[in-house]
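First up is the structure itself, then whatever we jot down about it.
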Amino acid sequence: MRLSTVQIFQQGVNAILDRQFELNQTQQQIASGKRVSSPADDPIAAVQILDISEDLERVDQFQRNGSLAETQLALAETTLADVGNVLQRVRELVVQANNATQDAGARQAIAVEVEQRLQELVDLANTRDANDEYIFAGFQSRSRPFEQSGGQVVYRGDEGQRFLQVGADAQVAVREPGSGIFVDVPVGNGRFAITADPGNGGTGVVQVTEATGSYVADDYTITFSQPTPQDPVTYEVTDGSAAVVASGSYTPGEPITFNGASVTVEGVPADGDSFSIGTARRQDLFSTLSAIADALNGAEDSPAGGAAVNNALNSGLRNLDQGLEVILGKRADIGARLNRVETQQAVSEDFALQLKETLSDVQDLDYAEAISRLNLQLVALQAAQQTFVRVQGLSLFNFL
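What follows is the structure in structure tokens.
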């Protein structure tokens, strides 16, 4: 076969260019540390790299969500701890004011601090996060959830609960609607609540209320009677239809039992004094504190006035205990969610590490092999250059 001079030159140049291209590609791999820099390098590996990279981005988003969830839940837990401290302080004040040695002036002085604690509770219920969003407003996080109106605190938020995706199959609630914390709180002992008639003239004070599993919910009234001072004090319990369900002689400190309920009264009720018992309803914490402050401000230095205050404060104590139980329950729930987020964060970190190891196996360069290949390619390029020099010198004119 005959080869023209042009063909010989072209083949020599192509060989040099091919070796230069291979050498340049290896140099780029060594500089970047990546074996695959484009799909043309290894199509199958390129698809694997794309899939693994997408998984890593998704896991990274889960971890960012987890960090945000931890921040928001920690803020909610800290705020609820402060709410619990406020309620506990008010409880201490109520116990102090409920002492028989306190006069009306001292109780009114205590009411001043209770009112301050009420304002503090409203401020805590309107806590905002670093994004200036209210954490107890449900989905209405840009609007103030609790507003004081006409001497009452009204909830303006909704029942929404915001969730964050912290794992492929894990969602965690990071916001609590304020209604379930500050508004929807049971009163009394959780089954029923007891209220002294404002017209009571004796010193009867309800100390303990209990309900067993057989309690029959209804509207009851305990009425005391003593026709003459020489007669013993008796009681009669009637239900909502005015039917008598229990009666007997009254002994201070001994429980009055009926239809699964037990009520212990201390002191001496006057003839006609009564206590109303109804199914426990729901009441917001602000109303509980406000009622306590009103009772302290309205205290009177008389036996009947003292009994009225004692009954109101005992009722307030029971309501505060219900509120504290709700707060502790919410804190426990938030703590469980924090633990779940932390666990999921650890799982995501482990998964991300596995993905990075797999990605490294597929994408990263074996430097020992690449450097050996680079040396071989350098030798091949030098050989191609030297061959071209020798071939381009082959001419008949050299022999003339």
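So the sequence shown is numbered by the numbering used here: it starts at 1480 and just counts up by one. All C-beta atoms, glycine included, are put in the ideal place defined by N, C-alpha and C. Because the structure is a prediction, the values reported are computed rather than measured.
(message) With distance defined between alpha-carbon atoms, name the residue in Arg1607, Gln1644, Ser1728, Thr1691 nearest to Gly1669.
(response) Thr1691
(request) Go through the stretch 1607-1639 residue by residue and report every complete run of the alpha helix (DSSP H) that reaches 4 residues or more, in order. (result) none
(request) Just grab the DSSP bridge partners of Glu1599 for me. (result) Looking at the DSSP assignment, Glu1599 forms no beta bridge with any residue, so it has no partner.
(request) Take every Cβ of the stretch 1533-1545, pair it with every Cβ of the stretch 1639-1648, and state whether three or more of those distances are shorter than 8 Å. (result) The way I'd put it, the stretch 1533-1545 does touch the stretch 1639-1648; three or more beta-carbon pairs between them come closer than 8 Å.
(request) Buried or exposed for Val1633, please, with buried defined as at least 16 other CB atoms from any protein chain shown within 10 angstroms of its CB. (result) Within 10 angstroms of the beta-carbon of Val1633 lie fewer than 16 other beta-carbons, which makes it exposed.
(request) Compute the Euclidean distance between the alpha carbons of Ser1720 and Tyr1699, then round it to the nearest angstrom. (result) Rounded to the nearest angstrom, the two C-alpha atoms are 9 Å apart.
(message) Beta-carbon within less than 6 Å of Ser1772's beta-carbon, same chain only, minus the 5 sequence neighbours each way: which residues are those?
(response) First, the residue type needs correcting, since residue 1772 is Ala and not Ser in the sequence shown. Closer than 6 Å at Cβ, skipping near neighbours: Ala1590, Val1593, Glu1594.
(message) Which residue marks the beginning of the beta strand (DSSP E) containing Phe1642, and which one marks its end?
(response) 1642-1646
(message) For the stretch 1559-1569 against the stretch 1749-1758, do three or more pairs of beta-carbon atoms, one drawn from each stretch, fall closer than 8 Å, so that the two count as touching?
(response) Flag = no, the stretch 1559-1569 and the stretch 1749-1758 do not touch.
(message) Using a Cβ distance threshold of 8 Å, determine whether the stretch 1573-1582 contacts the stretch 1824-1841, with at least three qualifying pairs required.
(response) Judged by Cβ distances under 8 Å, the stretch 1573-1582 makes no contact with the stretch 1824-1841, as fewer than three pairs qualify.
(message) Can you list, in chain order, the residues of its chain with a C-beta nearer than 6 Å to that of Gln1551? Leave out the 5 residues immediately preceding and following it.
(response) Cβ within range, chain order: Val1653.
(request) Identify the continuous alpha helix (DSSP H) that holds Thr1758 and give its terminal residues. (result) Run containing Thr1758: none in the alpha helix (DSSP H); it sits in the beta strand (DSSP E), 1753-1758.
(request) Report the residue from Ile1523, Phe1618, Val1538, Gln1686 whose alpha carbon sits nearest the alpha carbon of Ala1649. (result) Val1538
(request) Can you tell me which of Phe1765, Ala1786, Asp1780 puts its alpha carbon nearest to the alpha carbon of Phe1754? (result) Ala1786
(message) Taking 7 Å as the limit between beta carbons, can you name the residues of its chain near Ala1778, skipping five residues before and five after?
(response) Ala1583, Arg1586, Gln1587, Gly1784, Val1788
(request) Hey, could you find the ends of the beta strand (DSSP E) Ile1701 is sitting in? (result) 1699-1704
(request) Could you pull out every residue in the same chain whose Cβ sits closer than 7 Å to the Cβ of Thr1757, ignoring the five residues on either side in sequence? (result) With the sequence shown as reference, residue 1757 is identified as Gly, and Thr is not the correct amino acid for it. Correct list, in chain order: Phe1671, Ala1672, Asp1698.
(request) Would you check if the stretch 1676-1691 and the stretch 1656-1664 touch, i.e. whether three or more CB-CB distances between them fall below 8 Å? (result) no
(message) What would DSSP say about Ser1781, mapped onto helix, strand or coil?
(response) coil
(request) Return the CA-CA distance between Ser1658 and Gly1727, expressed in angstroms with no decimal places. (result) 43 Å
(message) Restricting to Cα atoms, I'd like to know which of Ser1622, Val1685, Gly1667, Thr1674 is closest to Pro1656.
(response) Ser1622
(message) By the DSSP assignment, the beta strand (DSSP E) with Thr1767 in it spans what residues?
(response) Note, Thr1767: premise wrong, no beta strand (DSSP E); alpha helix (DSSP H) at 1764-1776.
(request) Would you mind sorting Gly1808 into buried or exposed? The rule is 16 or more other CB atoms within 10 Å of its CB. (result) With fewer than 16 other Cβ atoms within 10 Å, it is exposed.
(request) Label Glu1549 either buried or exposed according to how many other C-beta atoms from any shown protein chain fall within 10 Å of its C-beta, with 16 as the threshold for buried. (result) buried
(message) Do Leu1792 and Arg1899 count as a contact pair if the criterion is CB distance below 8 Å?
(response) This structure leaves residue 1899 out entirely; the chain is present only between 1480 and 1879.
(request) Count the other CB atoms, across all protein chains shown, that sit within 10 Å of the CB of Pro1624; report buried if there are 16 or more and exposed otherwise. (result) buried
(message) Please state whether the Cβ-Cβ distance between Leu1796 and Val1601 is less than 8 Å.
(response) no
(message) Looking at Val1651: is its Cβ nearer than 8 Å to the Cβ of Arg1810?
(response) no
(message) Whole angstroms are fine: how far does the CA of Asn1776 sit from the CA of Gly1630?
(response) 15 Å
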